[in-house]
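Protein chains: 2
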Amino acid sequence: MVTIKDIARVANVSVTTVSRALNGYSDVNEKTRQKIVRIAKEMNYSPNTLARGLVTNKSQTIGFLVSGMNRSANKDNFTFEVLSGANECISKRGYDLVLFNTTTSKQREKTYSQLCRERRVDGVIMQGMKIDDPYLKEVIESDIPCMLIDIPIQSKTVGYVTTDNVLGAKTAVNYLIGLGHKKIALINGHDDAYVSLKRKEGYVKALKEANLPIHKEWILDGGFLEEQAQLAAAKLLKSHPDITAVFCASDLMALGTIKAARAMGLDVPRQLSVVGYDNILLASYSAPAITTIAQDKFQLGYQAADHLVDMLEGKDVSHVSTLTTDLIIRESACPPPITVAYKK
Amino acid sequence: MVTIKDIARVANVSVTTVSRALNGYSDVNEKTRQKIVRIAKEMNYSPNTLARGLVTNKSQTIGFLVSGMNRSANKDNFTFEVLSGANECISKRGYDLVLFNTTTSKQREKTYSQLCRERRVDGVIMQGMKIDDPYLKEVIESDIPCMLIDIPIQSKTVGYVTTDNVLGAKTAVNYLIGLGHKKIALINGHDDAYVSLKRKEGYVKALKEANLPIHKEWILDGGFLEEQAQLAAAKLLKSHPDITAVFCASDLMALGTIKAARAMGLDVPRQLSVVGYDNILLASYSAPAITTIAQDKFQLGYQAADHLVDMLEGKDVSHVSTLTTDLIIRESACPPPITVAYKK
DNA sequence: CTGAAAGCGCTAACAC
DNA sequence: GTGTTAGCGCTTTCAG
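For the record, the sequence lines run as chains A and B. Just so you know, we're using our numbering here: the first sequence kicks off at 1 and counts up by one. Just so you know, we're using our numbering here: the second sequence kicks off at 1001 and counts up by one.
Right, here's the structure in full:
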């Protein structure tokens, strides 16, 4: 493995000069630089980032900390898209991503700061954490720069990027209301997720603004899981057959809800309208295709990475982004059955 | 940041002893060890892997080199599942994964060995490479241990894990033949992919064994892309309306083929049977659900990682695995229309 | 069982 | 412009 020492010897200069030349410092003779660069290339030199990191105290690596990258959790490619976005940006800006997966017990034994310090990551991007995850508390206490996805915590060293979940949910419910629905249920994720709280807020807001009553019994949790949502929806539709629409806090849960409806002989959308959230790939391929609120997951990761590197480079701008969402109208929602007319 | 030096001072021993105690060497007094361990814990010490790596010349990191992790390429979560599997195994065995994405131009400028040497990765896992990717040639020349996904190259330092693509394809086509089909086309990926070559081989083999003629015009490439496959299928079905079944080398292309058929007013499966490959998530959700050959992508990654670490630990076993596939029967294939009876 | 010393490859004062 | 020197945090001979 060739080192700057080898280059120095061949070029007949000191290692310092080699270091400076290769790192683009200005205070080195242009001819010497060219010579050094040429020799380095000839000798097929690559810098040792470990050694460099040891002295600069910067590793040029970002930790990507995600909960649940295990076999079962791949149904939506949310994590992967965020990861892709983050990686795209990070590598453009000269860093590399290292994966921290908190689901393997091996890593769980270590604290957040242990994980980070061992690898000397310069910063971390966190995704998929529950609101009460112990790691989250550590993030706040730690002074390692961190960008959170969908968790609004902010300090000198922590920022976040999220979407406007209240507005997104409101848009979905308003759409249903606009279609003529008055009895709209909510299948939410779970209270450990920030986005669930916000989406419920949007749901409530939309109903209130339309002067529609809020029924607590119409709000159920589906844990962001298709099967669990199916169970919840089945229960809901059985005990409240007058419901004509349900807004689900994820597309996966919308899928589950549709299955539940179908199992009861209900046609979607004619007898029951369903609107999802996320716009996962499945949403456009399922039958019926799911009307949903789209969020740009790639962008979520990209922006998080961008903010993080900004932070590392000392740019003192706000480290918060809120992305917008889009209503994607497809086939799973339509006006309610005309029986509602009898209500007058 | 607390170092072993700090611990040494507090514990009143030398750094050597601290190092040995913390690394579980046997030649240190049990009492001293306990004291050191206790102090390390109290001081919240984490080892600096950069420093360690610098001297041991091992970084405990594995590079995951993938082509195409960009925004557009996330339609099947193939890469993500392989990644998850690899990460699961790697982290169990005490390593971490660093992502090398060859789609960003930043990384493309660097050669394979540069990428690896800069980060001093101990080994790499490669996925999604085309057969003529320049990186691939470098892998062979390099002495860095490398496990390939779906590319059968083998040497002292390189191994691979793949599935039995010939058998998989053969199984698919045999299934179609068993259903009564005699005119079976193939929408393949592209010749730059090893798996395509093999799947074509399986297709041909199955037809031959059934004494069915091979028509070159019935074999088209869809580039593993839905849209491209749709175009290819449209062309194929238009010029050869007597085809009753098509085997696609990926589910995404099966989706495209179904769309093409539908656009021509053909019912799938009643007028055209379609069998896919991969068993991506979409396959079970689309309408009709796609009959396909399933491969365990998570396992692909897991095994690659396992072999790689074996290699790094000097275990001199074979570094090759061939996983089996499963035929998943769903709704996109059925016996051909009875019109074939007229053929007699 | 423990310590002193060297050195991994690199950067960064500081001097010339 | 360039070289000398020290040192990042750790492991590893080699002595004792």
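Glycine included, every Cβ here is placed at the ideal spot set by N, Cα and C.
Just confirm the distance between the C-beta atoms of residue i and residue j, as a whole number of angstroms; I'd bet it's less than 8 angstroms.
| i | j | result |
| --- | --- | --- |
| Met1044 of chain B | Arg120 of chain A | Looking at the sequence shown, residue 1044 of chain B is not Met but Asn. Not confirmed; about 15 angstroms, so no contact. |
| Ile149 of chain A | Thr257 of chain A | Actually they do not touch by this definition, with Cβ atoms about 25 angstroms apart. |
| Ser1155 of chain B | Glu1138 of chain B | About 13 angstroms separates the two Cβ atoms, so there is no contact after all. |
| Val1018 of chain B | Ile1004 of chain B | 4 angstroms |
| Ala1245 of chain B | Pro1336 of chain B | 7 angstroms |
| Gly128 of chain A | Ser67 of chain A | 5 angstroms |
| Gly1189 of chain B | Gly1223 of chain B | 6 angstroms |
| Asp192 of chain A | Ile131 of chain A | 5 angstroms |
| Leu255 of chain A | Glu209 of chain A | Between Glu209 of chain A and Leu255 of chain A the Cβ distance is about 29 angstroms, and since that is not below 8 angstroms, they are no contact. |
| Cys248 of chain A | Gly276 of chain A | 5 angstroms |
If we call anything under 7 angstroms between Cβ atoms a contact, is residue i one with residue j?
| i | j | result |
| --- | --- | --- |
| Val124 of chain A | Gly178 of chain A | no |
| Ala1260 of chain B | Ala1234 of chain B | yes |
| Leu1327 of chain B | Thr1171 of chain B | yes |
| Met347 of chain A | Ser1091 of chain B | The shown model of chain A, from 1 to 344, leaves out residue 347 of chain A, and the question about it has no answer. |
| Val992 of chain B | Tyr1160 of chain B | With chain B covering only 1001 through 1344, there is no way to say anything about residue 992 of chain B. |
| Ile1039 of chain B | Val1010 of chain B | yes |
| Lys1310 of chain B | Cys1089 of chain B | Sequence inspection shows Asp at residue 1310 of chain B; the Lys mentioned does not correspond to that position. Their beta carbons are not under 7 angstroms apart, which means Asp1310 of chain B does not touch Cys1089 of chain B by this criterion. |
| Thr1157 of chain B | Val1098 of chain B | no |
| Gly1053 of chain B | Ser1059 of chain B | yes |
| Asp1164 of chain B | Thr1322 of chain B | yes |
| Met1126 of chain B | Leu1308 of chain B | no |
| Asp1221 of chain B | Asp1251 of chain B | no |
| Lys1274 of chain B | Ser1318 of chain B | The sequence as given places Val at residue 1274 of chain B; Lys does not occur at that position. No, they are not a contact pair. |
| Phe80 of chain A | Phe1080 of chain B | yes |
| Phe1078 of chain B | Lys1297 of chain B | yes |
| Tyr1194 of chain B | Leu282 of chain A | no |
| Met253 of chain A | Ala287 of chain A | no |
| Trp218 of chain A | Ala263 of chain A | no |
| Ala21 of chain A | Arg33 of chain A | yes |
| Lys1182 of chain B | Leu1136 of chain B | no |
| Pro269 of chain A | Cys334 of chain A | yes |
| Ile280 of chain A | Asp76 of chain A | yes |
| Val15 of chain A | Ala8 of chain A | yes |
Considering residue i, what are the terminal residues of the beta strand (DSSP E) in which it resides?
| i | result |
| --- | --- |
| Tyr160 of chain A | Val158 to Thr163 |
| Gly1063 of chain B | Thr1061 to Val1066 |
| Met1147 of chain B | Cys1146 to Ile1149 |
| Met1126 of chain B | Gly1123 to Gln1127 |
| Tyr25 of chain A | Where Tyr25 of chain A is concerned, there is no enclosing beta strand (DSSP E), given that its DSSP letter is neither H nor E. |
| Ser1273 of chain B | Ser1273 to Asp1278 |
| Thr32 of chain A | Counting along the chain, Thr32 of chain A falls outside any beta strand (DSSP E), though it belongs to the alpha helix (DSSP H) covering Glu30 to Glu42. |
| Ser321 of chain A | Val320 to Leu323 |
| Asp221 of chain A | Ile219 to Asp221 |
| Ile70 of chain A | Residue identity check: residue 70 of chain A is Asn in the sequence provided, not Ile. Careful: Asn70 of chain A lies outside any beta strand (DSSP E) and carries neither H nor E. |
| Ala1185 of chain B | Ile1184 to Asn1188 |
| Asp316 of chain A | No beta strand (DSSP E) contains Asp316 of chain A, which DSSP labels as neither H nor E. |
What is the residue span of the alpha helix (DSSP H) that residue i lies within?
| i | result |
| --- | --- |
| Ser348 of chain A | Nothing about residue 348 of chain A can be reported from this structure: the residues present for chain A run from 1 to 344 only. |
| Leu207 of chain A | Tyr194 to Glu209 |
| Leu50 of chain A | Thr49 to Thr56 |
| Tyr112 of chain A | Tyr112 to Arg119 |
| Ser1084 of chain B | Phe1078 to Lys1092 |
| Ser1239 of chain B | Glu1226 to Ser1239 |
| Asp251 of chain A | Asp251 to Ala263 |
| Asp1310 of chain B | Lys1297 to Leu1312 |
| Ser284 of chain A | Leu281 to Tyr285 |
| Val1139 of chain B | Pro1134 to Glu1141 |
Quiz item: Any contact of the segment 223–239 of chain A with the segment 288–303 of chain A, i.e. 3+ C-beta pairs under 8 angstroms?
Solution: Touching, no, given that fewer than three Cβ pairs across the two stretches are closer than 8 angstroms.
Quiz item: For the segment 97–123 of chain A, which residues have a CB atom closer than 7 angstroms to at least one CB atom of chain B, in sequence order?
Solution: Leu97, Val98, Leu99, Asn101, Thr104, Lys106, Gln107, Gln114, Arg117, Glu118, Arg119 and Arg120
Quiz item: What are the residues of the segment 1222–1238 of chain B that lie near chain A, defined by any Cβ-Cβ distance shorter than 9 angstroms?
Solution: none
Quiz item: If you pair each beta-carbon of the segment 1193–1201 of chain B with each one of the segment 1162–1170 of chain B, do three or more pairs fall below 8 angstroms?
Solution: Result yes; three or more Cβ-Cβ pairs closer than 8 angstroms.
Quiz item: the segment 1272–1285 of chain B: which residues have C-beta closer than 9 angstroms to a C-beta of chain A, in chain order?
Solution: Residues of the segment 1272–1285 of chain B with a C-beta atom less than 9 angstroms from some C-beta of chain A are Leu1281, Leu1282 and Tyr1285, listed in chain order.
Quiz item: Taking any Cβ of chain A, which residues in the segment 1076–1088 of chain B have a Cβ under 7 angstroms from it, in chain order?
Solution: Asn1077, Phe1080, Glu1081, Ser1084, Asn1087 and Glu1088
Quiz item: Between the segment 161–184 of chain A and chain B, which residues of the former have CB atoms less than 9 angstroms from a CB of the latter, in chain order?
Solution: none
Quiz prompt | Contacting positions in the segment 21–46 of chain A - beta carbon closer than 7 angstroms to chain B | solution = Residues Ser46.
Quiz item: Quick one, which residues of the segment 1048–1059 of chain B are near chain A if we go by CB-CB under 8 angstroms, in chain order?
Solution: Asn1048, Thr1049, Leu1050, Ala1051, Gly1053, Leu1054 and Ser1059
Quiz item: Listed from N- to C-terminal order along the chain, which residues in the segment 1246–1261 of chain B have their beta-carbon within a distance smaller than 9 angstroms of any beta-carbon of chain A?
Solution: Leu1255
Self-check item: chain A contacts from the segment 1287–1312 of chain B (Cβ-Cβ distance under 8 angstroms)
Solution: Ala1287 and Phe1298
Quiz prompt | Contact residues within the segment 1320–1342 of chain B, judged by C-beta distance below 8 angstroms to chain A | solution = none
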